[in-house]
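Residue numbers (UniProt numbering): 1 to 289. Below is one structure, written out as structure tokens; the observations come after it.
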Amino acid sequence: DVLMGSSNLTRANLTNADLSWSDLNEADLTGANLTGANLSYTNLLGVNFSQTIMPDGTENNSGQTPSEEARQAIDYEEMSYMGEVENEQPNGQGTLHAYFLGATYFGEFKDGKPHGQCTLITLESKWSGEFEDGKLNGQGIMIQREDGKEFTGEFKNNLPHGQVTMVNPDGSKLIGTYEEGLPVDGILYDQNGEEAGEYSTIGYEAGIYTGECKDGVPHGQGMFVHKSGETYDGEHKDGLPNGHGTLTSSESKYEGELKDGKRHGYGWETFTGGSQAGNEYVGDFEDDK
């Protein structure tokens, strides 16, 4: 289970415990047994290790009790802070719990905001790197907890922006350019590091495609936005929608199988406008009908 905030874990038996994404800031782990525990992405700032058995079975006697010098606790209505203070604001090293956001910041602060080398942990993601005015701006790393994707590179306002490497849990990756959290172009690599295709933004007379490509045409996952406003988000093959995808227009939304750009196979269509508004069809389609 995820732990948040300082804890008294003296002599606790945490053998094989999953403590990933937990915040153990200022925790007392004197005599605790962490053999086999998962401490991935865990905040261990200021933890007191004394006769503590670590995940690898070794004993830690570092006794990293945080210095009380220049450290203060500040309690706000929806936040709490422990760390260095100047002018009654967080300034220097510290940890901020923003309860209303479900977030914990630890690292450097300036004028009350995360600024400098800092880490932000939420239940959804973890950000580490260069913070400015409370957000990741500059070089950093973002790890998404739900899908396990890891982004390394340039960030703007907590979003990948600039040159970024995105690695999937299976080891495949995309190296390229991102704008406001979305990939624009790049090279795709498989789990063995072999080049597997491109990721591109391509302009057509009918609209714009952004996604995976092969030999310069849409091939793989991608989105096509028509000038009419209609969008298709899904699988492509040899330049056309093929496979599973979602087709959205001003009057309907279709989700299901497509073949050579047409609805073909099992799917469901919901009508949101026009004369059929409110109707829904679920079943097999053939040749767009």
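No residue lacks a Cβ here, since even glycine has one placed at the ideal position from N, Cα and C.
Classify residue i as buried or exposed, calling it buried when 16 or more other Cβ atoms lie within 10 Å of its own Cβ.
{"i": "Trp-127", "result": "buried"}
{"i": "Gln-89", "result": "exposed"}
{"i": "Ser-228", "result": "exposed"}
{"i": "Ile-53", "result": "buried"}
{"i": "Gln-93", "result": "buried"}
{"i": "Ala-206", "result": "exposed"}
{"i": "Asn-61", "result": "exposed"}
{"i": "His-219", "result": "buried"}
{"i": "Gly-283", "result": "exposed"}
{"i": "Ala-70", "result": "Only weak support is given to the placement of Ala-70: the predicted model assigns it a pLDDT of 36, under 50, and the question is left unresolved by the model."}
{"i": "Pro-160", "result": "buried"}
{"i": "Ala-73", "result": "Note that Ala-73 scores a pLDDT of 46, beneath 50, so its modelled location is shaky; the value from the coordinates is reported in the next line. Looking at its Cβ environment, which holds fewer than 16 other Cβ atoms inside 10 Å, Ala-73 is exposed."}
{"i": "Ile-143", "result": "buried"}
{"i": "Ser-252", "result": "buried"}
{"i": "residue 352", "result": "Within the shown structure, residues of the chain are numbered from 1 to 289, placing residue 352 beyond reach of any answer."}
{"i": "Ser-275", "result": "exposed"}
{"i": "Tyr-204", "result": "exposed"}
{"i": "Lys-289", "result": "exposed"}
Given a cut-off of 9 Å on the beta-carbon distance, is the pair residue i and residue j in contact?
{"i": "Gly-278", "j": "Gly-267", "result": "no"}
{"i": "Phe-151", "j": "Ile-141", "result": "yes"}
{"i": "Gly-234", "j": "Thr-246", "result": "yes"}
{"i": "Thr-210", "j": "Gly-222", "result": "yes"}
{"i": "Pro-114", "j": "Leu-96", "result": "yes"}
{"i": "Val-164", "j": "Ile-175", "result": "yes"}
{"i": "Leu-19", "j": "Asn-38", "result": "yes"}
Among all the DSSP beta bridges, which residues are the ones paired with residue i?
{"i": "Gln-144", "result": "Ser-125"}
{"i": "Tyr-178", "result": "Gly-162 and Pro-183"}
{"i": "Gly-256", "result": "Gly-245 and Gly-267"}
{"i": "Asp-275", "result": "Asp is not the amino acid found at residue 275; the sequence shown has Ser there. The partner list for Ser-275 (beta bridge, DSSP) is empty, contrary to what the question assumes."}
{"i": "Thr-119", "result": "Phe-106 and Ser-128"}
{"i": "Lys-262", "result": "Lys-259"}
{"i": "Phe-201", "result": "In the sequence on display, residue 201 carries Thr and not Phe. Looking at the DSSP assignment, Thr-201 forms a beta bridge with Thr-210."}
{"i": "Pro-90", "result": "Val-85"}
In whole angstroms, give me the CA-to-CA distance for residue i and residue j.
{"i": "Glu-146", "j": "Glu-124", "result": "7 Å"}
{"i": "Thr-15", "j": "Leu-34", "result": "5 Å"}
{"i": "Asp-28", "j": "Leu-9", "result": "6 Å"}
{"i": "Met-79", "j": "Leu-182", "result": "31 Å"}
{"i": "Leu-136", "j": "Thr-122", "result": "14 Å"}
{"i": "Lys-237", "j": "Asn-91", "result": "54 Å"}
{"i": "Gly-265", "j": "Glu-198", "result": "28 Å"}
{"i": "Gly-112", "j": "Phe-106", "result": "12 Å"}
{"i": "Glu-269", "j": "Thr-119", "result": "44 Å"}
{"i": "Asn-168", "j": "Thr-201", "result": "21 Å"}
{"i": "Asp-56", "j": "Arg-11", "result": "17 Å"}
{"i": "Gly-243", "j": "Glu-84", "result": "55 Å"}
{"i": "Glu-59", "j": "Ala-32", "result": "10 Å"}
{"i": "Asn-87", "j": "Asn-157", "result": "26 Å"}
- request: Mind listing, in chain order, the continuous alpha helix (DSSP H) runs of no fewer than 4 residues lying wholly within the region 209-241?
  value: none
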